[in-house]
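**Student:** If you read the sequence shown in the UniProt record's numbering, its first letter stands for residue 1, the second for the next number, and so on.
Glycine residues also receive a C-beta, built at the ideal position from the N, C-alpha and C atoms.
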Amino acid sequence: MITVDALTKTYGPVRAVDGISFELAEGEALALIGPSGCGKSTTLRMINRLIEPSAGRVLIDGVDTRSIPPAALRLRMGYAIQGIGLFPHRTVAQNIATVPRLLGWPRARIAARIEELLDLFGLPPAVFAHKYPHELSGGQQQRVGVARAMAGKPAVLLMDEPFGALDPITRARLQDEFLAIRRRMGTTVLLVTHDMDEAFRLADRLAVMEKGRIVQLDTPEALLRRPASAFVQSMVGNEDRGLKLLSLAGVAALMRPAEGWAPAGEGTFRKAGGQEALAPLSASASLREAASRLVLTGVDELPVVDETGNLVGTIDMARIIAFGGGRR
Ligand code: ADP
Ligand code: MG
């Protein structure tokens, strides 16, 4: 567990980070989110001692990081930043091997770890292990940057806008990949971003920062339902806050039994007494997708199927609205 306690950084009269406290549990992903200049990167860099705090402290599993030499500390903390400085004259494999080598891992274990990470990030080792950074696309370089940061199985992965400079499609794909990898590996993550959608997607909790302070630290659902101030509300989304809330929840949790519904051919279903044969929603769809389909179809109830196309329930607009009101 990481404990950040009243962490502060001043530059002359500027309080870049102003008494920040939070805890990061093992396996948790926390996002620091806020506008440019609010102190996110400074906070991250004080945690791995790239910057020394003016006041406050950071504990890893109860041990004050001031008692750990910075070089040793950084071996235990992966660090991935935007436009990641991959070593240009080292191959992908050599880049990823950096920390494991410093940790003195045996050769075979390093080789296995490189292969595992390249596979995980969708970079077939036979093709990519021996390439140099300049032979990779931006998205591939970012993947290698994150893989390198994860290579030594760090206690925590610090990420500063790691998917920043990418086109939206590559970025979304990398976010999905990263989410799957994190879930599989149980990596503890502290992520800095100014992109609220990215934070909602990748983090379990979000610390919203304003002028060096945390103004609200909560789950995505709590931030959307109960923003603590006008500032937080503007960060989480003014007009589409309700729709974002619907993106967080799945149809499966709100379904009702599909009584009176029957197959009507070609994968559609019809309600007893109903006119229309309706194409079903997937049980894995979000409530946002469900609301969208209900609107587009112009009905107030749709059938829901599992992955194999079996009817498993129905979803209706009244239930979606009740969820928005917190009355599920
Ligand atoms: P963010 O990552 O949220 O965009 P930073 O942590 O980089 O913000 O910066 C927070 C504030 O501290 C900004 O006002 C920035 O100008 C100031 N700052 C950061 N580094 C320095 C420095 N080395 N000297 C003086 N001011 C700095
Ligand atoms: Mg920054």
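Could you check the C-alpha separation between N238 and G298 for me, to the nearest Å?
**Tutor:** Position 238 of the sequence shown, counted from the first residue, corresponds to residue 238. Position 298 of the sequence shown, counted from the first residue, corresponds to residue 298. Between N238 and G298, the C-alpha separation is close to 26 Å.
**Student:** For a test of the three-state rule: what should DSSP assign to S41, helix, strand or coil?
**Tutor:** Sequence index remark: in the sequence shown, residue 41 carries index 41 (1-based). S41 falls in the helix class under three-state DSSP.
**Student:** Give every residue of the same chain whose Cβ lies closer than 7 Å to the Cβ of A29, excluding the five residues on either side of it in the sequence, and list them in chain order.
**Tutor:** For the purposes of this step, residue 29 is taken as residue 29 along the sequence shown, with counting starting at 1. Counting only Cβ-Cβ distances below 7 Å, and skipping sequence neighbours, we find R182, V189, L191, L202, A203 and D204.
**Student:** Helix, strand or coil, according to DSSP, for Q82 in the structure here?
**Tutor:** In the sequence shown, counting from the first residue as 1, residue 82 sits at position 82. In the structure shown, Q82 sits in coil (DSSP, three-state: anything other than H, G, I, E or B).
**Student:** Relative to the C-alpha of V295, which residue among L59, D316, D306 and L179 is closest?
**Tutor:** Translated into the one-based positions of the sequence shown, residue 295 becomes position 295. Looking at the Cα atoms, D316 is the closest of the given residues.
**Student:** Is T308 buried or exposed, if buried means 16 or more other CB atoms sit within 10 Å of its CB?
**Tutor:** As a first step, residue 308 is located in the sequence shown; it is residue number 308 there, counting from the start. By the 10 Å Cβ count, T308 comes out exposed.
**Student:** Is the region 283-290 touching the region 235-252 in the sense that three or more CB pairs, one from each, lie closer than 8 Å?
**Tutor:** Taking 8 Å as the limit for Cβ pairs, the verdict is that the region 283-290 does touch the region 235-252.
**Student:** If you compare alpha carbons, which of V312, R256, E266 and V99 is closest to R319?
**Tutor:** Along the sequence shown, read from residue 1 onward, the residue named residue 319 stands at position 319. Measuring from the Cα of R319, the nearest candidate turns out to be R256.
**Student:** I47 bridges to which residues according to DSSP?
**Tutor:** Indexing the sequence shown from 1 puts residue 47 at position 47. Answer is none; I47 lacks a bridge partner.
**Student:** From L123 to E135, what distance separates their C-alpha atoms?
**Tutor:** On the sequence shown, position 123 is the one that residue 123 refers to. On the sequence shown, position 135 is the one that residue 135 refers to. Computed Cα separation, rounded: 13 Å.
**Student:** For K244, which of R293, R90, L223 and D300 has the nearest alpha-carbon?
**Tutor:** Looking up residue 244 in the sequence shown gives position 244. Checking every option, the nearest Cα to that of K244 belongs to L223.
**Student:** To the nearest angstrom, how far is it from the Cα of Q140 to the Cα of G19?
**Tutor:** The count along the sequence shown starts at 1 and reaches residue 140 at position 140. The count along the sequence shown starts at 1 and reaches residue 19 at position 19. Taking the straight line joining both Cα atoms gives about 37 Å.
**Student:** Regarding K153 and ligand 1, is the C-beta to nearest heavy atom distance less than 7 Å?
**Tutor:** Walking along the sequence shown from the start, residue 153 turns up at place 153. Checking every heavy atom of ligand 1 against the Cβ of K153, none is found closer than 7 Å.
**Student:** Would you mind working out which of T8, E259 and I2 sits nearest G56, comparing C-alpha positions?
**Tutor:** By one-based count along the sequence shown, residue 56 stands at place 56. That would be T8, whose Cα lies nearest to the Cα of G56.
**Student:** What would DSSP say about R76, mapped onto helix, strand or coil?
**Tutor:** As a first step, residue 76 is located in the sequence shown; it is residue number 76 there, counting from the start. Correct three-state label for R76: coil.
**Student:** Do G152 and L103 have their C-beta atoms closer together than 8 Å?
**Tutor:** Against the sequence shown, residue 152 aligns to sequence position 152. Against the sequence shown, residue 103 aligns to sequence position 103. The answer is yes: Cβ separation under 8 Å.
**Student:** Thinking C-beta only, is E210 closer than 8 Å to F231?
**Tutor:** Position 231 of the sequence shown, counted from the first residue, corresponds to residue 231. Position 210 of the sequence shown, counted from the first residue, corresponds to residue 210. Yes, they are a contact pair.
**Student:** So for L24, helix, strand or coil by DSSP?
**Tutor:** Looking up residue 24 in the sequence shown gives position 24. Strand, per DSSP.
**Student:** Which residue or residues does DSSP assign as beta-bridge partners of E266?
**Tutor:** The count along the sequence shown starts at 1 and reaches residue 266 at position 266. Paired residues: none, contrary to the question.
**Student:** Which same chain residues end up closer than 8 Å to D119 when comparing Cβ atoms and leaving out the 5 residues on each side of it in sequence?
**Tutor:** As a position in the sequence shown, residue 119 is number 119, starting the count at 1. Counting only Cβ-Cβ distances below 8 Å, and skipping sequence neighbours, we find P125.
**Student:** For ligand 1, list every residue whose C-beta falls under 5 Å from any of its heavy atoms, going in chain order.
**Tutor:** Going by the Cβ distance cut-off, the answer is Y11, A16, S36, G37, C38, G39, K40, S41 and T42.
**Student:** If you count every other CB in all the chains shown that lies within 10 Å of the CB of G186, and 16 or more means buried, which is it?
**Tutor:** Sequence index remark: in the sequence shown, residue 186 carries index 186 (1-based). Exposed, by the Cβ-count rule.
**Student:** Comparing the CB of D160 with every heavy atom of ligand 2, is any distance shorter than 7 Å?
**Tutor:** On the sequence shown, position 160 is the one that residue 160 refers to. Flag set: Cβ of D160 near ligand 2.
**Student:** Helix, strand or coil for residue 368 per DSSP?
**Tutor:** Lying before the first or after the last residue shown, residue 368 is absent from the chain, which here runs from 1 to 328.
**Student:** Which same chain residues, not among the five before or five after L117, have their C-beta less than 7 Å away from its C-beta?
**Tutor:** Locating residue 117 in the sequence shown gives position 117, counting from the first residue. Hits under 7 Å: I96, A147, M150 and A151.
**Student:** Any heavy atom of ligand 2 closer than 7 Å to the Cβ of V192?
**Tutor:** By one-based count along the sequence shown, residue 192 stands at place 192. Answer for V192: yes, Cβ within range of ligand 2.
**Student:** Can you tell me whether DSSP reads T170 as helix, strand or coil?
**Tutor:** Against the sequence shown, residue 170 aligns to sequence position 170. Of the three classes helix, strand and coil, the one that applies to T170 here is helix, per DSSP.
**Student:** Can you tell me where the beta strand (DSSP E) holding I321 begins and where it ends?
**Tutor:** Numbered from 1 along the sequence shown, position 321 holds the residue referred to as residue 321. Element bounds for I321: not the beta strand (DSSP E) but the alpha helix (DSSP H), M317 to G324.
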